[in-house]
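Here is the structure we will look at.
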Amino acid sequence: MADLPRLNNVIRALEAGQHALTCFAPAHTDSAIAMSASKYDGCVFEMEHNPWDSGRLRDCLQYMLNRAQIAKAGLVPPVTPMVRIPVNGVEMAQWQAKQALDSGCYGIVFPHISTVEEAANAVGACRYPRMKNAPLYEPVGIRGDGPTAAARYWGLSQQDYYKKADVWPLNPEGEIFCIIQIEDTKGVENLDDMLKNVPGIGAILIGEGDLSQELGYPRQYEHKVVLEWMKRIVDTCKKHNVVVGHPHVETGNAERIIKEGYRFLMMAPVQSYGHFASAQKLTGRS
């Protein structure tokens, strides 16, 4: 166990004080092959606004494997695969997160989280249960036990997988990155309580599309009212020393976003990597 490397490159970057460079990617095998050879730290397969298909997700994970990369780098995947699931926070569901983690995903994006209870449910869905007197008991784990495929995908024994399959940074050895999206004013107003009472959140990802819709300025991402509400999220995350992410990093806004304090940066998965190159230079990772 002590000799195992850090498997999650998104966590690796953040632990080193760097920015994590990531993107959304379509959940199909051609995209998975392209992502596996990209320069991103991680990619998030987009399944919130597409039909949920756990078999297709598992295919994507398999197509990200490259035998030459494995021979060179060992167990560490060059690009860490994660997924955004469809279920909203208010539904208090866990089954899609369970299926994604059981397939081998290293992280889950939970959309539309607005309350402390919803945030705790999201983190708990990424954790196995443990006794009340065990260390790091809270948030209570509710993930069902079915590790066979995930342990095989990570290249670990089941016992080593159990030790690593916990949320970072609550568990410093954990490899699972739990991201919750704040997408409405209720979520913004409750964020301070969420971060105060729910340990184990890896990052807060701003859902500026839905937030701007509610505010009456749909997709007007540079509107001052939208930016004011986004700043409230950033300021709250800074107060609690929690990573904050931006879903629409482009060449034109990258410098501003980085200066504002975003560290989980998501770009369009384009082959030219123009946005990526800009963000890489601005974050000192070129």
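With the first letter of the sequence shown counted as 1, position 172 gets the number 176 in the numbering used here; the numbers rise by one all the way through.
Glycine included, every Cβ here is placed at the ideal spot set by N, Cα and C.
Distance check between M68 and each of G59, M39, G46 places M39 closest, using alpha-carbon atoms only. The DSSP-derived three-state label of A36 is helix.
As DSSP reads the structure, F28 sits in a beta bridge with V48. Taking a 10 Å sphere around the C-beta of R156, we find fewer than 16 other C-beta atoms and assign the residue as exposed.
Distances from the CA of V14 to each of H23, L8, D7 were compared; the closest alpha carbon is that of H23. The stretch 190-209 and the stretch 130-143 touch, with three or more beta-carbon pairs separated by less than 8 Å.
In the three-state DSSP reduction, I146 falls in the coil class, being neither helix nor strand. Around T119, the same chain offers N194 as residues with beta carbons nearer than 6 Å, after the five sequence neighbours per side are excluded. Rounded to the nearest angstrom, the Cβ distance from F181 to Y110 is 6 Å, consistent with a contact under 8 Å. Around the CB of H53, fewer than 16 other CB atoms lie within 10 Å, so the residue is classed as exposed.
Between I237 and I210, the beta carbon gap of about 6 Å places them in contact (Cβ cut-off 8 Å).
Straight-line spacing of the CA atoms in N257 and Q100 works out to 33 Å. Rounded to whole angstroms, the gap between the alpha carbons of R88 and V247 is 17 Å. Distance between R134 and G150, taken at the CA atoms: about 15 Å. Between the alpha carbons of A126 and G93 lies a gap of roughly 8 Å. S282 and I261 have their C-alpha atoms roughly 12 Å apart. By the 16-neighbour rule on beta-carbons within 10 angstroms, Q98 is buried. The beta carbons of E212 and P251 sit closer together than 8 Å.
Burial is judged here by how many other beta carbons sit within 10 angstroms of a residue's own beta carbon; E177 has fewer than 16 and is exposed.
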